[in-house]
Amino acid sequence: MNVTDEPVDDADAAALHVSSPVLLLGGPSPAQSELTQRLRALDVKVLHAPSAEVAHSLAAQERPRLLVVDARSSRRVPGTETLLAELRRAEEHLVALIWFDAEATTAEVLAGCAPLDDHILGNPGGEEAMRRLHLLSRRLPARREGERLVVGDLEMDTSARTVRRGDHDIDLSETEFRLLRLLMRHARTVLSKTEILQQVWEYEFAGQANIVELYISYVRKKVEAGRPRMIHTVRGAGYVLRPAEPEAEHPAGESVEENATGE
Numbered sequence: 001m002n003v004t005d006e007p008v009d010d011a012d013a014a015a016l017h018v019s020s021p022v023l024l025l026g027g028p029s030p031a032q033s034e035l036t037q038r039l040r041a042l043d044v045k046v047l048h049a050p051s052a053e054v055a056h057s058l059a060a061q062e063r064p065r066l067l068v069v070d071a072r073s074s075r076r077v078p079g080t081e082t083l084l085a086e087l088r089r090a091e092e093h094l095v096a097l098i099w100f101d102a103e104a105t106t107a108e109v110l111a112g113c114a115p116l117d118d119h120i121l122g123n124p125g126g127e128e129a130m131r132r133l134h135l136l137s138r139r140l141p142a143r144r145e146g147e148r149l150v151v152g153d154l155e156m157d158t159s160a161r162t163v164r165r166g167d168h169d170i171d172l173s174e175t176e177f178r179l180l181r182l183l184m185r186h187a188r189t190v191l192s193k194t195e196i197l198q199q200v201w202e203y204e205f206a207g208q209a210n211i212v213e214l215y216i217s218y219v220r221k222k223v224e225a226g227r228p229r230m231i232h233t234v235r236g237a238g239y240v241l242r243p244a245e246p247e248a249e250h251p252a253g254e255s256v257e258e259n260a261t262g263e
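Under UniProt numbering, think of the first position of the sequence shown as 1, with each following residue one higher.
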């Protein structure tokens, strides 16, 4: 399967590679918003942690190894130093780009940064932050093994980025791949549109929640082409992926929830 990269507007961005996901630790700011947009343009998953509790939860779920830490006095999370030390203990290979106040002293910078980290003083510009994240990413060793997901006769290798159903290879775009990966990781669990938006697109589409319906239909056509249905709509709740049931019990294109609700 060849996962098709979605277009990036900035021609210079083609040379950039940033490890995914990236955990942004700190309160909301224009700099954080700009960096988030630039990272998503490279199809990097961005995790926002405005508190230590959220940071621990996201780190346990996603295992990010690249952090952006806003240590500026107006944006920093309380106990940032302790939190950063805890995250480092939980993940052996972890590097951080730390934003300090413009007047930060050399002692403060050296105390906050580990040997492989990098830092920016003052208001962090988007282009400079992206260049530094690119270089930090190159310091990270490749993960030794990917994730193999199996649901019924559907298989996904997240390292090789391949998808097969039975003996049939399935070609997916990058967004379709992320959506199917989410559904497979949470097989047999109903996921709401809001959850899917947050996990696949990492932000709310104002007035465009139908983007989930659109991509669900794309993935269904590819995964279920000529085969029993696996992705089911649960009216008023969301979507769930389950192993296909025998065609004699539930013909392709039908689901228990959809029949019960009239969808």
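Cβ atoms here follow ideal geometry from the backbone N, Cα and C, with glycine treated the same way.
Cβ neighbour criterion (16 or more within 10 Å) applied to residue i
i: Arg-181; result: buried
i: Gly-262; result: Residue placement at Gly-262 cannot be trusted, given a pLDDT of 33 that sits under 50; what the coordinates show is reported in the next sentence. Label assigned to Gly-262: exposed.
i: Gln-61; result: exposed
i: Thr-233; result: buried
i: Gly-26; result: buried
i: Pro-124; result: buried
i: Arg-89; result: exposed
i: His-48; result: buried
i: Leu-116; result: exposed
i: His-93; result: exposed
i: Val-219; result: buried
i: Arg-148; result: exposed
i: Val-151; result: buried
i: Leu-214; result: exposed
Same chain only: Cβ atoms within 6 Å of residue i, ignoring 5 sequence neighbours per side
i: Ser-73; result: Asp-101
i: Gly-122; result: Ala-102
i: Ala-15; result: none
i: Arg-188; result: Arg-242
i: Arg-75; result: Gly-26, Gly-27 and Ser-29
Cβ-based neighbour list, residue i, same chain, cut-off 8 Å, excluding 5 preceding and 5 following
i: Lys-222; result: Ile-170, Asp-171, Leu-172 and Glu-176
i: residue 276; result: The structure shown does not extend to residue 276, since the chain spans only 1 to 263, so no value can be given for it.
i: Pro-141; result: His-93
i: Glu-245; result: Pro-228
Helix, strand or coil at residue i according to DSSP, with G and I counted as helix
i: Thr-158; result: coil
i: Gly-238; result: strand
i: His-134; result: helix
i: His-56; result: helix
i: Ile-211; result: helix
i: Ser-74; result: coil
i: Arg-185; result: helix
i: Val-46; result: strand
i: Arg-165; result: strand
i: Ile-231; result: strand
i: Ser-51; result: coil
i: Glu-6; result: Only weak support exists for where Glu-6 lies, its pLDDT of 41 falling under 50; the value from the coordinates is given anyway. DSSP places Glu-6 in coil when its eight states are reduced to three.
i: Val-18; result: coil
i: Val-68; result: strand
i: Leu-24; result: strand
Sub-7 Å separation of residue i and residue j beta-carbons
i: Met-156; j: Met-184; result: yes
i: Val-44; j: Val-69; result: no
i: Val-109; j: Val-190; result: no
i: Leu-97; j: Arg-138; result: no
i: Gly-236; j: Lys-193; result: no
i: Leu-87; j: Ala-59; result: yes
i: Arg-165; j: Leu-179; result: no
7 Å Cβ shell around residue i - same chain, five flanking residues per side excluded
i: Gln-32; result: Leu-24, Gly-26 and Asp-70
Runs of beta strand (DSSP E) wholly within the segment 79-154 (minimum 3 residues, chain order):
95-100, 118-121 and 148-151
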